[in-house]
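Below is one structure, written out as structure tokens; comments come after it.
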Amino acid sequence: MGRKFFVGGNWKCNGTSDEVKKIVTLLNEAEVPSEDDVEVVVSPPFVFLRMVKSLLRPDFSIAAQNCWVRKGGAFTGEVSAEMLVNLGIPWVILGHSERRLLLNESNEFVGDKVAYALSQGLKVIACVGETLEQRESGSTMAVVAVQTKAIAERVLNWSNIVLAYEPVWAIGTGKVATPAQAQEVHYELRKWLHENAGAEVAATTRIIYGGSVNGANCKELAAKPDVDGFLVGGASLKPEFIDIIKSST
Ligand code: PEP
Numbered sequence: 002m003g004r005k006f007f008v009g010g011n012w013k014c015n016g017t018s019d020e021v022k023k024i025v026t027l028l029n030e031a032e033v034p035s036e037d038d039v040e041v042v043v044s045p046p047f048v049f050l051r052m053v054k055s056l057l058r059p060d061f062s063i064a065a066q067n068c069w070v071r072k073g074g075a076f077t078g079e080v081s082a083e084m085l086v087n088l089g090i091p092w093v094i095l096g097h098s099e100r101r102l103l104l105n106e107s108n109e110f111v112g113d114k115v116a117y118a119l120s121q122g123l124k125v126i127a128c129v130g131e132t133l134e135q136r137e138s139g140s141t142m143a144v145v146a147v148q149t150k151a152i153a154e155r156v157l158n159w160s161n162i163v164l165a166y167e168p169v170w171a172i173g174t175g176k177v178a179t180p181a182q183a184q185e186v187h188y189e190l191r192k193w194l195h196e197n198a199g200a201e202v203a204a205t206t207r208i209i210y211g212g213s214v215n216g217a218n219c220k221e222l223a224a225k226p227d228v229d230g231f232l233v234g235g236a237s238l239k240p241e242f243i244d245i246i247k248s249s250t
């Protein structure tokens, strides 16, 4: 079975309720491919999850941008996987580089979060990616392999994971990876999955690209055989997100 194209919109820490309503209206009015062909998941800040859930068209889905590493309790400021499930939110983004780098989330912590979120029934967009320094020193594959290994060591069933390759140097910088650069890492990641998680996991797991994807560069990236979709930041707040949703068709 083919891997269904996946387009995620990471709204990050942006928006007022009025702005969020405007984005949802834009999405709701858009003509896009059928959900049989493209899976669309948008990720508003926690405080807007309930509102977006009540307004968003039913063929699009919703992700939280993070969740706590284990069962909720005395963890001030955190939001647990159980709460997301209770709210009817099916997806969560984990291991985004902004959290890894700004909030010091380690590979192991991210791996634990992925395992716990899955155990509670959430689907996970798990992010990996190298910094510019790591790319320039030739360690891109070693870095993403270690990040992926921390997940693979804790997870046996990959059917509810989408792996997002997001080079840190391309996130929010306007400096997109070339289609060849993205394809190279996606190919290597799939090979890594084949060797470490099995042929079935490698063949079926969607590996999506994130990093300055926009309406102008998405088609060429989407044409690469191991690019199964996108995680989009800045452009997911703009009308061009619709073009990105359509990029595989
Ligand atoms: C992201 O934050 O996941 C991302 C890819 O951001 P941008 O598209 O703005 O580079």
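If you're matching positions, the sequence shown starts at 2 in my numbering and goes up one per residue.
We put the beta carbon where it would ideally sit given N, CA and C, even for glycine.
Proximity test, residue 322 beta-carbon vs the ligand PEP heavy atom, cut-off 7 Å: Nothing about residue 322 can be read from this structure; the chain reaches only from 2 to 250.
Span of the alpha helix (DSSP H) around residue 201: 200-205
From 201, 54, 232, residue whose alpha carbon lies closest to that of residue 183: 232
Closer than 8 Å to chain D by CB, residue 59: No chain D appears in this structure, which consists of one protein chain only.
Distance cut-off 7 Å: residue 173 Cβ against heavy atoms of the ligand PEP: yes
Contact test: residue 96 Cβ vs the ligand PEP heavy atom, cutoff 7 Å: no
Residue 77 versus residue 35: straight-line alpha-carbon distance, rounded: 41 Å
The region 52-72 in contact with the region 8-28 per 3-pair CB rule at 8 Å: yes
Selection from 161, 225, 179, 180 that minimises the alpha carbon distance to residue 127: 161
8 Å Cβ cutoff met for residue 118 and residue 129: no
Closest by C-alpha distance to residue 149, when choosing among 92, 110, 137: 110
Whether residue 190 touches residue 208 by CB criterion (8 Å): yes
Inter-residue CB distance, residue 65 and residue 44 (contact presumed, cutoff 8 Å): 7 Å
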